[in-house]
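Structure first, then comments.
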Amino acid sequence: MDNTSNAPVGYPTRGMVSLAQNEPELQKLRTDLAGLSATDFDSLFTAGALAALEMEIALPARAEATAIVHEEQKSGRRRAAALALLFCLGGELTQEEAKLALVNSDLETLRQVGLLEKRGEKFSSRFHLRPYQIEVGEEIEAHYWIASDLPQALTGKPLKSDHVLGIGGATRSLLRLSPREKVKVSLDLGTGCGIQALVTALHSERVVATDISRRALDLAKFNSELNQQKIELRRGNLLEPVKGERFDLIVSNPPFVITPRKPGGQIMEYRDGGAEGDSLVLTLLRELPNHLKSGGKAVMLANWLHPEGQDWKERLQTNLPAGHDAWIMQREVYDAPAYANMWLKDGGLGTPQEEKYGKALVEYLEFFNSERATHIGFGYVLLRALESGQTPLIRLEDTAEQSAPAGADLTAWCKAADWLREQVPDLAEEYPQLALSENHLKTTADVIEVRYQTPGEEDPRIINLVAGNGRKMQAGQAFAALVGACDGELSLGQITNALSNLLETPVEVLAKEMASPIIDAVLYGIMKPETGTV
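For any residue, its number in our numbering is found by taking its place in the sequence shown, counting from 1, and adding 369.
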């Protein structure tokens, strides 16, 4: 199903969709773009120019690419620089330089479909088209050319309401966060340029991608055809296009940015979607699980308000449906002025000294005052559907000092939750019996212990256990000793009893102290059952 039609005549991306349906011309473009890989792109520039690009300053890289194009000798390096200048850096090329970049493609055809434009005797790209190398799991690297709208760094103009983003920090976070097990059917909710759907298609038999933006779907269609990856595109708001359907995996970088609403105000489709406050995120927390198959996972990026007098964890947890595992990680917290400033800059509203910027900032702060919100959280959401009768595991955590998890960490967390469900009757309550059980756990080989100790003191003030994936937890001395003794040979009960005698602490007291840390250590991958199931 492809609901990307009905755009106005002459709309640039519609021409690009027609190019996507012209396989001979598209193959010529693919052949030309093969002259510049993501590695080639980086090798063209000095470290300073690349650092400037990371700060969204293109001028140094543009100057370096122009100098390479003007070298006298013919070389693949000149062609790679011409491609970078034309499609990645907002450069203008003469016809001779454009043909250096596009040896096989017809410039007039690309102009007619809206990929290129010609001003006087110079050619430029109407879109940002750049090569990317993306790690998919531990062993696979995927290579793509992805088209998106030109960023403000190249145009110097405020973004339009239907702007389609390329691959930025949030996109990369979700790519890293998404589990990569093989599944039958997946959903990319709010697909934008389509990169999440394209990567998900590598391990899914079928991928559905939705967006409220017709322009985004046009670009996603072009990108899917350019990269020869099949996805189903549907237009509609949130979960409307997939009503009644269920998926093994849902990934979503939704328009979660919290924005003041005012009559007639502009909606930035890619970032705020027109919702009030954080209602869009709360709605998805409630409704995403209705579209998961048993055992299916939903992974999402999100922002949420911190209203005065209400803990953020309570705010989110009250919107979670029953019967689902949930792991919500708050990665960053912004105060209201910092959050407003960040997104006003993103929208290209000039500098803080300009009047329109100041007015927009006042509107933002007035909105946060009306919501009684002093801070805004940003983080990751994992939801997992359970079979009827299974006890859900709910975890909401501040993880600012933790390493950001990867998809493999989420998969391991779910497997650990399944094992714990078999051992602990109610995961919401303390269960000292776990520390006295016959279970054999083994400390993961890459775990290290970090101690913070005041000089001269016998005992450490803080003990941190850190797994190789960067996950860490604070431990008391008794629990650190238990972790050190877990080599798979002795059971938890044997180790706890031995520690009770060594520390001269009643075993029931020690078992209660160990109850929650054992669960945390299993979930974080610091210890694993010696059963091969986690």
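The beta carbon of each residue, even a glycine, is placed where N, CA and C say it ideally should be.
Taking C-beta to C-beta, are residue i and residue j nearer than 8 Å?
i	j	result
residue 585	residue 562	yes
residue 394	residue 478	yes
residue 559	residue 621	yes
residue 813	residue 895	yes
residue 617	residue 665	yes
residue 604	residue 641	no
residue 619	residue 667	yes
residue 496	residue 467	no
residue 413	residue 453	yes
residue 540	residue 564	yes
residue 388	residue 528	no
residue 610	residue 653	no
residue 763	residue 822	no
residue 774	residue 694	no
residue 877	residue 801	yes
residue 550	residue 780	yes
residue 891	residue 789	yes
residue 796	residue 884	no
residue 455	residue 470	yes
residue 657	residue 543	no
residue 435	residue 460	yes
residue 571	residue 596	no
residue 420	residue 512	no
residue 700	residue 748	yes
If distances are taken between C-alpha atoms only, which option among the options comes closest to residue i?
i	options	result
residue 811	897, 682 and 735	897
residue 519	730, 384, 457 and 491	457
residue 674	693, 694, 517 and 705	705
residue 525	549, 472, 427 and 610	427
residue 405	391, 795, 761 and 450	450
residue 411	423, 532 and 645	423
residue 715	552, 608, 566 and 521	521
residue 415	401, 855 and 430	430
residue 835	828, 829 and 816	816
residue 593	647, 708, 514 and 794	514
residue 533	505, 381 and 790	381
residue 659	827, 583 and 613	613
residue 757	692, 397, 390 and 788	692
residue 480	494, 470, 472 and 473	494
residue 679	741, 725 and 645	741
residue 439	465, 421 and 459	465
residue 777	545, 739, 517 and 400	545
Taking 7 Å as the limit between beta carbons, can you name the residues of its chain near residue i, skipping five residues before and five after?
i	result
residue 889	842
residue 650	625, 671, 672 and 673
residue 437	413, 446, 447 and 450
residue 662	615, 616, 617 and 754
residue 606	581
residue 799	881, 884 and 885
Spell out the partners DSSP gives residue i in its beta bridges.
i	result
residue 601	577
residue 898	810
residue 753	666 and 694
residue 841	835
residue 701	747
residue 724	Note: residue 724 sits in no beta bridge, so no partner.
residue 675	744
residue 616	661
Spatial neighbours of residue i within its chain, please: C-beta separation below 8 Å, excluding the five flanking residues on both sides.
i	result
residue 655	688, 689 and 690
residue 901	Annotation note: pLDDT 41 at residue 901 (below 50); position unreliable, no value reported.
residue 860	806, 807, 808 and 809
residue 569	547, 555, 557, 576, 618 and 620
residue 463	490, 491 and 492
residue 386	373, 587, 590 and 591
Just to confirm my understanding: we take residue i, look at its own chain, exclude 5 residues before and 5 after, and list those with CB closer than 6 Å. What are they?
i	result
residue 371	Per-residue confidence for residue 371 stands at a pLDDT of 49, beneath the threshold of 50, marking its modelled position as unreliable; the derived number appears in the next sentence. Excluding residues within five positions, the ones whose Cβ falls inside 6 Å are 602.
residue 839	772
residue 750	669, 671 and 697
residue 703	745
residue 736	629
residue 886	848
residue 766	698
residue 378	Per-residue confidence for residue 378 stands at a pLDDT of 36, beneath the threshold of 50, marking its modelled position as unreliable; the derived number appears in the next sentence. Closer than 6 Å at the Cβ level, and outside the excluded window around residue 378, lies no residue.
residue 574	553
residue 402	514
residue 376	Because the pLDDT at residue 376 is just 41, under 50, the model does not fix this residue reliably, and the point stays unresolved.
residue 899	809, 811 and 857
residue 903	For residue 903, the predicted structure reports a pLDDT of 40, less than 50, and the residue's modelled location is therefore unreliable. A value from the coordinates is still provided. 784, 785, 788 and 897, listed in sequence order.
residue 682	765
Does residue i get closer than 8 Å to chain D when you measure Cβ to Cβ?
i	result
residue 398	Looking for chain D here will not work: only one protein chain is present.
- prompt: Which ranges does the beta strand (DSSP E) cover as unbroken runs of at least 3 residues, wholly within the segment 429 to 492, from first to last along the chain?
  reply: 485 to 488
- request: Could you name each continuous beta strand (DSSP E) segment of 3 residues or more that falls completely within the segment 841 to 895, going from the start of the chain to the end?
  value: 841 to 844
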